[in-house]
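Chemist:
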Amino acid sequence: MSFHRKPITFVNHVKIQVQNLERSLHFYQEVIGLKVLKKTTNIAKLTADGENCILSLEGQENASPKQRGTTGLYHFALLVPRRSDLANIVRHFRTKGIQMGSSDHLVGEALYLNDPEGNGIEVYVDRNPSEWKWKNGEVAMTVDPLDFSDLLRTGNLEESWKGLPPGTIMGHIHLHVSQLEEAEEFYTRGLGFEVVNRFGEQAIFISAGDYHHHIGLNTWAGIGAPAPPINSVGLKSFTVILPDEEYRKNVVTRLEMMGATVTKENGVFMTADPSGNGIHLAV
Numbered sequence: 015m016s017f018h019r020k021p022i023t024f025v026n027h028v029k030i031q032v033q034n035l036e037r038s039l040h041f042y043q044e045v046i047g048l049k050v051l052k053k054t055t056n057i058a059k060l061t062a063d064g065e066n067c068i069l070s071l072e073g074q075e076n077a078s079p080k081q082r083g084t085t086g087l088y089h090f091a092l093l094v095p096r097r098s099d100l101a102n103i104v105r106h107f108r109t110k111g112i113q114m115g116s117s118d119h120l121v122g123e124a125l126y127l128n129d130p131e132g133n134g135i136e137v138y139v140d141r142n143p144s145e146w147k148w149k150n151g152e153v154a155m156t157v158d159p160l161d162f163s164d165l166l167r168t169g170n171l172e173e174s175w176k177g178l179p180p181g182t183i184m185g186h187i188h189l190h191v192s193q194l195e196e197a198e199e200f201y202t203r204g205l206g207f208e209v210v211n212r213f214g215e216q217a218i219f220i221s222a223g224d225y226h227h228h229i230g231l232n233t234w235a236g237i238g239a240p241a242p243p244i245n246s247v248g249l250k251s252f253t254v255i256l257p258d259e260e261y262r263k264n265v266v267t268r269l270e271m272m273g274a275t276v277t278k279e280n281g282v283f284m285t286a287d288p289s290g291n292g293i294h295l296a297v
């Protein structure tokens, strides 16, 4: 079953702003393993399969460094198709001397690192959905140590690194928000997601179609955290794919009734959550 295909609502693309485009491009190609799909003077579109852009980098030389204590990107998450792919990435990171965090979340296994400008990245693999534990509409997730010994028994030890496999997609995005309650209302009542996990009092995870999460929301940057300056390194926008045009029309109506602004420019519908995180509404 795919949790990133219509008629499910999901995130398929993230756009971040960076100071040094060439440095970032080198990192995302040589370390992360993405490929350049298209490049202009200040924008690079990156892909895993050679066809679909899942990450865009916008270079802005006068961008201010990524700031702590603001809303915006906590991390974006690249989902690889097989556990052996994650094992191969671990070997690659170790060869490159890359420092990384890791966790077993029950629903899957994950690696964490930052790009050269402080943008958070997760690379993960899902366990079979039949292994996910649900109770009263919530899926069990935790932060357990990753069993590297077991993970590294998968994959091909002789296989050379060729970058992320073609089946890699944008699995989810995790955001810093200012107020959890208003963010929850925006994403559930406005966009139609459902809360599937409450992680203490400072984070929730939301999804469509019974995925463990398409979006994470937290107040770890501080309750009431301000939005970063518009020229700051970090999140520019992310794209939510909606089931069809009628669904998008209803989403726009609901958002406007809630007081959100929705604009249309060159056929692209754009809005922002209450914390200023930019969103493209696509079908």
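First residue of the sequence shown: 15, per the working numbering; consecutive thereafter. Beta carbons: idealized from backbone N, C-alpha and C, even for Gly. Given the structure is predicted, the values throughout are model-derived calculations rather than measurements.
Tell me whether the stretch 206-226 and the stretch 152-167 touch, counting them as touching only if at least three CB pairs, one residue from each stretch, are closer than 8 Å.
Modeler: Flag = yes, the stretch 206-226 and the stretch 152-167 touch.
Chemist: Between the stretch 212-229 and the stretch 276-296, can you find at least three pairs of beta-carbon atoms closer than 8 Å?
Modeler: With a cut-off of 8 Å, the stretch 212-229 and the stretch 276-296 do not count as touching, because too few Cβ pairs lie within range.
Chemist: Per DSSP, what are the beta-bridge partners of residue 183 in this structure?
Modeler: One-based indexing of the sequence shown puts residue 183 at position 169. Residue 183 pairs with 93.
Chemist: Helix, strand or coil: which one does DSSP assign to residue 225?
Modeler: Position 211 of the sequence shown, counting from 1, holds the residue named residue 225. Residue 225: coil per DSSP, three-state reduction.
Chemist: Please identify the residue among 166, 231, 180 whose C-alpha is closest to the C-alpha of residue 97.
Modeler: Here residue 97 refers to the residue found at position 83 when the sequence shown is read from its first residue. Answer by Cα proximity: 166.
Chemist: To the nearest angstrom, report how far apart residue 286 and residue 86 are at their CA atoms.
Modeler: Here the question's residue 286 lines up with position 272 in the sequence shown. Here the question's residue 86 lines up with position 72 in the sequence shown. Going from the Cα of residue 286 to the Cα of residue 86 covers about 11 Å.
Chemist: Give me the residue from 179, 296, 232 with the minimum Cα distance to residue 187.
Modeler: In the sequence shown, counting from the first residue as 1, residue 187 sits at position 173. Answer by Cα proximity: 232.
Chemist: What does DSSP give as the partner residues of residue 148 in its beta bridges?
Modeler: For this step, residue 148 is matched to residue 134 along the sequence shown. Answer is 153, bridged to residue 148.
Chemist: Straight-line CA distance for residue 288 to residue 265?
Modeler: For the purposes of this step, residue 288 is identified with residue 274 of the sequence shown, where counting begins at 1. For the purposes of this step, residue 265 is identified with residue 251 of the sequence shown, where counting begins at 1. Cα-Cα distance, rounded: 15 Å.
Chemist: Using CA atoms only, rank isn't needed, just tell me which of 214, 178, 121 is closest to residue 148.
Modeler: The count along the sequence shown starts at 1 and reaches residue 148 at position 134. The shortest Cα separation from residue 148 among 214, 178, 121 belongs to 121.
Chemist: Can you list, in chain order, the residues of its chain with a C-beta nearer than 6 Å to that of residue 200? Leave out the 5 residues immediately preceding and following it.
Modeler: Counting from one through the sequence shown, the residue named residue 200 turns up at place 186. Excluding positions up to five away in sequence, the list reads 287, 288.
Chemist: Leaving out five residues before and five after residue 290 in sequence, what residues of the same chain have Cβ atoms less than 7 Å from its Cβ?
Modeler: Sequence index remark: in the sequence shown, residue 290 carries index 276 (1-based). The answer, listed in chain order, is 85, 241.
Chemist: For the 8 Å Cβ check, are there 3 or more pairs between the stretch 61-69 and the stretch 35-50?
Modeler: At 8 Å Cβ cutoff, the stretches touch.
Chemist: Out of 273, 143, 191, which one is the CA nearest neighbour of residue 223?
Modeler: Here residue 223 refers to the residue found at position 209 when the sequence shown is read from its first residue. Checked all of 273, 143, 191; the closest Cα to residue 223 is 143.
Chemist: Beta-carbon separation of residue 89 and residue 138 under 8 Å?
Modeler: Translated into the one-based positions of the sequence shown, residue 89 becomes position 75. Translated into the one-based positions of the sequence shown, residue 138 becomes position 124. For residue 89 and residue 138, no; Cβs fall outside 8 Å.
Chemist: If you pair each beta-carbon of the stretch 250-263 with each one of the stretch 17-30, do three or more pairs fall below 8 Å?
Modeler: Result yes; three or more Cβ-Cβ pairs closer than 8 Å.
Chemist: Quick check on DSSP: helix, strand or coil for residue 164?
Modeler: As a position in the sequence shown, residue 164 is number 150, starting the count at 1. In the structure shown, residue 164 sits in a helix (DSSP, three-state: H, G or I).
Chemist: Is it buried or exposed, residue 158, if we count other Cβ atoms within 10 angstroms and call 16 or more buried?
Modeler: Here residue 158 refers to the residue found at position 144 when the sequence shown is read from its first residue. Looking at its Cβ environment, which holds fewer than 16 other Cβ atoms inside 10 Å, residue 158 is exposed.
Chemist: Given that a residue counts as buried once 16 or more other Cβ atoms are within 10 Å of its Cβ, and exposed if not, what is residue 185?
Modeler: As a first step, residue 185 must be located in the sequence shown, where it is residue number 171. When all chains shown are included, residue 185 counts as buried.
Chemist: Checking 8 Å against the spacing of the C-beta atoms, do residue 53 and residue 133 come in under that value?
Modeler: Here residue 53 refers to the residue found at position 39 when the sequence shown is read from its first residue. Here residue 133 refers to the residue found at position 119 when the sequence shown is read from its first residue. Result no, Cβ atoms of residue 53 and residue 133 do not sit closer than 8 Å.
Chemist: Please go through the same chain and pick out, in chain order, the residues whose beta-carbon is closer than 6 Å to the beta-carbon of residue 228, but skip the five residues on each side of it.
Modeler: Sequence index remark: in the sequence shown, residue 228 carries index 214 (1-based). Excluding residues within five positions, the ones whose Cβ falls inside 6 Å are 24, 25, 186, 221.
Chemist: Taking the beta strand (DSSP E) that residue 208 belongs to, which residues open and close that run?
Modeler: For the purposes of this step, residue 208 is identified with residue 194 of the sequence shown, where counting begins at 1. Start and end: 208-213.
Chemist: Leaving out five residues on either side along the sequence, give the residues of the same chain with a beta carbon under 6 Å from the beta carbon of residue 124.
Modeler: Position 110 of the sequence shown, counting from 1, holds the residue named residue 124. Cβ within range, chain order: 117, 136, 138.
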